[in-house]
Amino acid sequence: MAARKTTKKSEVSPEEMLSYYRDMLLIRRFEEKAGQLYGMGLIGGFCHLYIGQEAVVVGLEAAAEEGDKRITSYRDHGHMLACGMDPKGVMAELTGREGGYSKGKGGSMHMFSKEKNFYGGHGIVGAQVPLGAGLAFADRYKENGRVTFTYFGDGAANQGQVYESFNMAALWKLPVIFVIENNQYAMGTSQKRSTSTDEIHKRGEPFGIPGEMVDGMDVISVKEAGERAVAHCRKGDGPYILEIKTYRYRGHSMSDPAKYRTREEVQKMREERDPIEQVRAKLLSGKSITEDKLKEIDKEIKEIVNASAEFAKESPEPAVEELWTDIYATEIPQEVN
Amino acid sequence: MARMTMIEAIRDAHTLAMEADDDVVVMGEDVGYFGGVFRCTAGLQKRFGVQRCFDTPISELGIVGTAVGMAAFGLKPVVEIQFADYMYPAYDQIVSEAARLRYRSAGEFTCPMVVRMPTGGGIFGAQTHSQSPEALFTHVAGLKTVVPSNPQDAKGLLLAAINDPDPVIFLEPKRLYNGPFDGHFDRPSQSWGKHPLGEVETGYYETPLGTANIVREGSAATLLAYGTMVHVALAAVEESGVDVEVIDLRTLLPLDLETIAESVSRTGRCIVLHEATLTSGYGAEVTALIQGECFYSLEAPVLRVAGWDTPYPHAQEWDYFPGPERVKRAIATVMEG
């Protein structure tokens, strides 16, 4: 899915539109299922759902090419599904099973895929940002023409290491796209209460990094912005910032009392700006896509998600011996009693 | 063989590693144009180009984070943190990312990185240029920690560290850069020019991590030391007239427990030395291991001689530093037991 490419800007065929619909729907249904499994006690600990933000990763994956890299924070399920990782492996990591991408060692926030150039899955707010710059450094060093999508949230945008990374990325002209997924809440603190500006993308200006604000509820706007950013990086002009205004419908994590915003605010966003509904309406307004075709896709997605949940329930729990593997290349013996 | 200071030996190791592998890059504050505050990387930029040996901004967290990203995509960054005391901002990246990448990706991604830092006191650096933070690293699963005590070992251990598939913290006792130091601060400085271990093998060789070195054989007691304290130990033993075995641990993790246990079981008495503060210091770990391995051979309680539990002082440096007089007192005590 990552290698999808359009020939001309702003020309989106019905087939492409349909694939965005499909990819966004997969994320939403997957996350709904994860929420259910959490409620049933099958997923423990932390679980940050991506519902509402689907257009961000699907739009940017549409602008990516084979070999481009992506790295993100702990709200990572959407990124993994969008870059083509197997929903079964993701769900089984949530349930902490052997079949999970990290054999149950990572959990919801820590998953990786070399095959899909997905570099995690990082649980410390902002810690993935310099890593993204480093990945881009390695690309530039190898002169392979690749770019790295480095995602972080509006909350992480107040971490010092983000600006250390901006400076180095600009100084060394690294092919990195800093994607600020601005869902407007750093856990329970609104942007207004935590951030000195309502235009975070302009914080790149003093470093000489161009940035733009993007409507993150519209997958086509995201894709087009992604293409501009990718073109900038591939030309060798250094980093680029996309501040993608988005909205998460669910809580920060599963234990969020949601006292920091009104029910009406969430409801209004869902009704008026939902990224999936927008695409659905566009598809149906054209001639080529029928309601039946969409139903078929809905059914197909449901089956994929159900299969992932089944797999995640049935995959065995990792053996306790697994606790001591993958710490070092060669295990350092330790006393176990 | 060639005469080298520890600085020259470390520089030689960098040069050989960079010659052997294009993926080895050297980065840090002042390492490129200036050649490093202690000159350990002098000439590397000129020889290998600015792409492979380069200056970074003063951004420790960002530097280490960037290096983790580079390492995740197959480069082998060798990072210099100008003083170990400057490491604290980078500790998050060292612990949460570098040390844990292999584990949480179930072996999919690794971090073959070396972070070099001048460590320890004896140069009137006071609080922020004299500390010995090794226990903060040995406490972290996923890291290896190395402390050389002479040019010959420094070169071989650094080459082994750069070639190691896991992140290695390489602590260079700054007081030993230009010559051995036995704690007799009031005597003229010695140089490596006349010391047997200033005679360094030419060409590429590795000193395997996890092998201790018996630097003085003895039968009455065992002194365990690393870094500068190896030289203090040797002086104290000669002055005490007691036939004490001195072991240079060389790597703290992995630890060569076999060599230690063999020696202590034979001598029945043991003292652990370090410059770092006493409480929760590395000596506590070694002491616990010894009582587990050698309990029935012990003739006396295991003693520790370490820095006091105070901030590293300026004026009273030689009251703080665990010099030969304190070590001799400990030898007398352990022999009475």
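Protein sequences appear in the order of chains A and B.
Its first residue numbered 36, the first sequence is counted upward by one per residue in the numbering used here.
Its first residue numbered 1261, the second sequence is counted upward by one per residue in the numbering used here.
For every residue, glycine included, the Cβ atom is placed at its ideal position computed from N, Cα and C.
Exercise for the section: Give the single residue among SER108(A), ALA316(A), GLU150(A) and GLU51(A) whose Cα lies nearest to the Cα of VAL164(A). Expected result: Looking up residue 164(A) in the first sequence gives position 129. Ranking SER108(A), ALA316(A), GLU150(A) and GLU51(A) by Cα distance to VAL164(A) puts SER108(A) first.
Handout entry: For GLU370(A), the three-state DSSP class (helix, strand or coil)
Key = Locating residue 370(A) in the first sequence gives position 335, counting from the first residue. In this structure, GLU370(A) counts as coil in the three-state DSSP scheme.
Exercise for the section: Using only alpha-carbon positions, find the residue among ASP1426(B), GLY1402(B) and SER1409(B) that is nearest to LEU1484(B). Expected result: Counted from its first residue, the second sequence places residue 1484(B) at position 224. Checked all of ASP1426(B), GLY1402(B) and SER1409(B); the closest Cα to LEU1484(B) is SER1409(B).
Practice task
Check whether the Cβ atoms of ALA347(A) and ALA127(A) sit closer than 9 Å, and answer yes or no.
Solution key: Your numbering for residue 347(A) matches position 312 in the first sequence. Your numbering for residue 127(A) matches position 92 in the first sequence. Contact: yes.
Exercise for the section: Output the distance between the C-alpha atoms of SER1451(B) and THR1265(B), rounded to the nearest integer angstrom. Expected result: Here residue 1451(B) is taken as the residue at index 191 of the second sequence, counted from 1. Here residue 1265(B) is taken as the residue at index 5 of the second sequence, counted from 1. Near 8 Å, if we compare the C-alpha coordinates of THR1265(B) and SER1451(B).
Problem - 7 Å CB neighbourhood of LYS68(A) in its chain, flanking five on each side removed - result: Residue numbering aside, residue 68(A) sits at position 33 when the first sequence is read from its first letter. Closer than 7 Å at Cβ, skipping near neighbours: VAL340 and ALA344.
Problem - Short CB-CB distance (under 9 Å) between GLN1311(B) and chain A - result: Start at 1 with the first residue of the second sequence, and residue 1311(B) comes out as number 51. Yes, GLN1311(B) lies at the interface with chain A (some Cβ there is under 9 Å from its Cβ).
Problem - Identity of the residue in GLY251(A), TYR363(A), GLY239(A) and ALA162(A) nearest ASP309(A) by Cα - result: As a working mapping, residue 309(A) is identified with position 274 in the first sequence. Answer by Cα proximity: GLY251(A).
Problem - Nearest-angstrom Cβ-Cβ length linking PRO1379(B) and LYS1336(B), presumed shorter than 8 Å - result: If you number the second sequence from 1, residue 1379(B) lands on position 119. If you number the second sequence from 1, residue 1336(B) lands on position 76. Looking at the sequence provided, one finds Thr at residue 1379(B) rather than Pro. The pair is not a contact, with the Cβ atoms about 22 Å apart (cut-off 8 Å).
Problem - Which of helix, strand or coil DSSP assigns to TYR186(A) - result: Counting from one through the first sequence, the residue named residue 186(A) turns up at place 151. Strand.
Handout entry: First and last residue of the uninterrupted alpha helix (DSSP H) at CYS268(A)
Key = Locating residue 268(A) in the first sequence gives position 233, where the first residue counts as 1. From DSSP, the alpha helix (DSSP H) with CYS268(A) extends over 254–269.
Exercise for the section: Please decide whether LYS177(A) counts as near chain B, where near means a Cβ-Cβ distance under 9 Å. Expected result: For the purposes of this step, residue 177(A) is taken as residue 142 along the first sequence, with counting starting at 1. Answer yes: the Cβ-Cβ gap between LYS177(A) and chain B drops below 9 Å somewhere.
Exercise for the section: Hey, could you find the ends of the alpha helix (DSSP H) ASN341(A) is sitting in? Expected result: Taking the first residue of the first sequence as position 1, residue 341(A) is located at position 306. Taken as a continuous stretch (DSSP letters only), the alpha helix (DSSP H) holding ASN341(A) covers 326–349.
Exercise for the section: Taking only heavy atoms of the ligand ADP into account, decide whether any of them is closer than 8 Å to the Cβ of VAL1355(B). Expected result: What this structure holds is no ligand at all, so the ligand ADP is not there to describe.
Problem - Assigned secondary structure, VAL1475(B) (DSSP; H/G/I helix, E/B strand, else coil) - result: One-based indexing of the second sequence puts residue 1475(B) at position 215. Of the three classes helix, strand and coil, the one that applies to VAL1475(B) here is strand, per DSSP.
Problem - Supposed close pair SER1328(B), ALA1358(B) - CB separation, criterion 8 Å - result: Mapped onto the second sequence, residue 1328(B) falls at position 68. Mapped onto the second sequence, residue 1358(B) falls at position 98. Residue identity differs from the one stated: residue 1328(B) is Val in this sequence, not Ser. Going by Cβ atoms, the distance from VAL1328(B) to ALA1358(B) rounds to 5 Å, so yes, they are a contact pair.
Handout entry: Those runs of the alpha helix (DSSP H) which lie wholly inside the region 1433–1508 of chain B and span at least 4 residues
Key = 1488–1500
Exercise for the section: Identify whether GLY94(A) lies in helix, strand or coil by the three-state DSSP scheme. Expected result: Locating residue 94(A) in the first sequence gives position 59, where the first residue counts as 1. Here GLY94(A) sits in helix by DSSP.
Handout entry: Presumed contact (8 Å Cβ cut-off) between HIS112(A) and VAL125(A), rounded CB distance
Key = Start at 1 with the first residue of the first sequence, and residue 112(A) comes out as number 77. Start at 1 with the first residue of the first sequence, and residue 125(A) comes out as number 90. 6 Å between Cβ atoms; contact.
Practice task
Compute the distance between the beta-carbons of THR1511(B) and GLY1453(B), then report whether it is under 9 Å.
Solution key: Mapped onto the second sequence, residue 1511(B) falls at position 251. Mapped onto the second sequence, residue 1453(B) falls at position 193. Result no, Cβ atoms of THR1511(B) and GLY1453(B) do not sit closer than 9 Å.
Exercise for the section: Kindly indicate which three-state DSSP category LYS1588(B) falls into: helix, strand or coil? Expected result: One-based indexing of the second sequence puts residue 1588(B) at position 328. Here LYS1588(B) sits in helix by DSSP.
Practice task
Spell out whether any CB of chain A is found under 9 Å from the CB atom of SER1500(B).
Solution key: Locating residue 1500(B) in the second sequence gives position 240, where the first residue counts as 1. No, SER1500(B) does not count as interfacial toward chain A.
Problem - Coarse secondary structure for TYR176(A), derived from DSSP in three states - result: As a working note, residue 176(A) is residue 141 in the first sequence. TYR176(A) falls in the helix class under three-state DSSP.
Handout entry: CA-to-CA distance, GLY1295(B) to THR41(A), given in whole angstroms
Key = Indexing the first sequence from 1 puts residue 41(A) at position 6. Indexing the second sequence from 1 puts residue 1295(B) at position 35. In this prediction, THR41(A) scores a pLDDT of 45, lower than 50, which makes its location untrustworthy; the coordinate-derived value is nonetheless stated afterwards. THR41(A) and GLY1295(B): Cα-Cα distance of roughly 48 Å.
Handout entry: Closer than 9 Å to chain A by CB, GLY1552(B)
Key = Start at 1 with the first residue of the second sequence, and residue 1552(B) comes out as number 292. For GLY1552(B), the answer is yes, since a Cβ of chain A falls inside 9 Å of its Cβ.
Exercise for the section: Indicate whether LEU1513(B) and PHE1397(B) have their beta-carbon atoms separated by less than 9 Å. Expected result: Position 253 of the second sequence, counted from the start, is the residue given in the question as residue 1513(B). Position 137 of the second sequence, counted from the start, is the residue given in the question as residue 1397(B). The answer is yes: Cβ separation under 9 Å.
Exercise for the section: Compare the beta carbon distance of VAL1285(B) and TYR176(A) with 9 Å and say whether it is the shorter of the two. Expected result: Sequence index remark: in the second sequence, residue 1285(B) carries index 25 (1-based). Sequence index remark: in the first sequence, residue 176(A) carries index 141 (1-based). Cβ distance < 9 Å, so VAL1285(B) and TYR176(A) count as in contact.
Exercise for the section: Say whether chain B places a C-beta atom closer than 9 Å to the C-beta of ILE107(A). Expected result: Numbered from its first residue, the first sequence carries residue 107(A) at position 72. Correcting the residue identity first, residue 107(A) is Thr in this sequence and not Ile. No - not a single Cβ of chain B is within 9 Å of the one on THR107(A).
Problem - Span of the beta strand (DSSP E) around ASP250(A) - result: Position 215 of the first sequence, counted from the start, is the residue given in the question as residue 250(A). Counting along the chain, the beta strand (DSSP E) containing ASP250(A) begins and ends at 246–250.
Exercise for the section: Answer with buried or exposed for GLY246(A), where buried requires no fewer than 16 other C-beta atoms within 10 angstroms of its C-beta. Expected result: Taking the first sequence and counting its residues from 1, the one referred to as residue 246(A) is at position 211. It counts as buried.
Practice task
Within its chain, find whatever has a CB closer than 6 Å to the CB of GLU1279(B); leave out the 5 residues flanking it on each side and keep chain order.
Solution key: Counting from 1 along the second sequence, the entry for residue 1279(B) is found at position 19. Taken in chain order, the list of residues that qualify is empty.
Practice task
State the Cα-Cα distance for the pair GLY1597(B) and PRO1561(B), rounded to the nearest angstrom.
Solution key: Sequence index remark: in the second sequence, residue 1597(B) carries index 337 (1-based). Sequence index remark: in the second sequence, residue 1561(B) carries index 301 (1-based). About 7 Å.
Exercise for the section: Give the secondary structure of TYR136(A) by DSSP, where H, G and I count as helix, E and B as strand, and everything else as coil. Expected result: Taking the first sequence and counting its residues from 1, the one referred to as residue 136(A) is at position 101. If DSSP states are grouped into helix, strand and coil, TYR136(A) belongs with coil.
Exercise for the section: Determine the direct distance from the alpha carbon of VAL1310(B) to that of LEU1304(B), and round the result to whole angstroms. Expected result: Within the second sequence, residue 1304(B) is the residue found at index 44, counting from 1. Within the second sequence, residue 1310(B) is the residue found at index 50, counting from 1. Cα to Cα, LEU1304(B) sits roughly 9 Å from VAL1310(B).
Problem - Separation of THR1275(B) from LEU277(A), as counted between CA atoms - result: For this step, residue 277(A) is matched to residue 242 along the first sequence. For this step, residue 1275(B) is matched to residue 15 along the second sequence. Distance between the alpha carbons of LEU277(A) and THR1275(B) is about 40 Å.
Problem - Whole alpha helix (DSSP H) elements within the region 1533–1560 of chain B, 4-residue minimum - result: 1542–1554
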